[in-house]
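FYI, in our numbering the residues of the sequence shown are 426 to 711.
First the structure, in the form of structure tokens, and then the observations on it.
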Amino acid sequence: MDWITGMQKAIDYIEDNLIYDLDYSEISKRALVSSFHFQRVFSILCGYTVGEYIRKRRLTLAGVDLTMSDIKVIDVALKYRYETPESFTKAFSRFHGITPRAAREPGAKIKSFCRLSIKISLEGGDIMDYRIEKKNALAFVGYKKKFIGELGERFDQERDFWVNTRKEQDVLMEMRNEPFIWYDINTNFSDEGYDHYIAVLSDKEITEGFEKITVSELTYAIFETERMNFPTSSHLDLRKKIVSEWLPSSEYILAEGPEITVTHWFKKPEKEKRYIELWIPVEKKI
């Protein structure tokens, strides 16, 4: 079964079971991949997590039920797996902009989050340079923040995290083993968010306010952006291209482990040589 068919089967399973409890391992079985692989591919390709998709689809259908039937609000809440009317009202109001009771008023406007359907389009056909490299355990020093909220909000949080922690970065510059190199480490992925570290490779004594991050031995598919003055805007598109074009046609799947972004931030007069590497943990398909 090809990856497009597998993804669509998984999405169809979600849609057929929105009024039941959904288990990610059962969803990923329809795509014949691991739960971790399915969730990461889904979020990178779609721009939102599996959990966000399920929540928005349930709230869409709940809005239809309230406007098109006399079903009680509490019954709608229970139908779409909310434990209390209060939690349902809060989620419904945030999504639709009105309360469940207001949705019953004549002329009330509700929002719709459409069902996903995978379409085949011809993309690729170009050359992607990469290398597969097994890395020994790595010892970083850095600081972290837990990013929460919807996926798009988390990217904004990453940017703000860099802007608002310049003092911490000054300290790390004095500790790092490699000049001009920064590491962003994303790990502990879940629907609620992930841990994001700003780090450097260092064998120096840890300063207060920082922590040691040990990444175990892993195999990575490593890709690079083009060399340019500001490569920071290009790595998100590269990550999506890796998952949508390279990964399906390769002999690898995503492995569970930290994703590492390596920024080579050269100073004048070599600013045009700056680039970013994406280290994507992978393992051979069985």
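Beta carbons: idealized from backbone N, C-alpha and C, even for Gly.
Predicted model, so just to flag it, every value in this text is computed and none were measured.
- Excluding five sequence positions before and after residue 537, the CB atoms of its chain that fall closer than 6 Å to its own CB belong to 485, given in chain order.
- Excluding five sequence positions before and after residue 637, the CB atoms of its chain that fall closer than 8 Å to its own CB belong to 564, 565, 566, 631, given in chain order.
- Residue environment analysis places residue 432 among the buried positions, since at least 16 neighbouring C-beta atoms fall within 10 angstroms of its C-beta.
- Scanning its chain for C-beta atoms nearer than 8 Å, with the 5 sequence neighbours on each side dropped, one finds around residue 583 the residues 572, 609, 621, in chain order.
- Contact holds between the segment 462-474 and the segment 666-676, because three or more Cβ pairs, one in each stretch, are under 8 Å apart.
- Inter-segment contact for the segment 645-652 and the segment 698-705 is present: three or more beta-carbon pairs are separated by less than 8 Å.
- Note on geometry: alpha-carbon atoms of residue 635 and residue 626 lie some 13 Å from one another.
- Around the C-beta of residue 684, 16 or more other C-beta atoms lie within 10 Å, and the residue is accordingly described as buried.
- DSSP links residue 646 through a beta bridge to 557, 705.
- Residue 601 counts as buried, since no fewer than 16 other beta carbons sit within 10 angstroms of its beta carbon.
- Per the coordinates, the alpha-carbon of residue 471 lies some 32 Å from the alpha-carbon of residue 594.
- A Cβ-Cβ contact shorter than 7 Å links residue 452 with residue 438.
- In the DSSP annotation of this structure, the continuous segment of the beta strand (DSSP E) that includes residue 625 starts and ends at 618-626.
- The alpha-carbon separation between residue 687 and residue 530 amounts to approximately 53 Å.
- In the displayed model, residue 567 falls within a strand according to three-state DSSP.
- Here the alpha carbons of residue 556 and residue 598 stand approximately 28 Å from one another.
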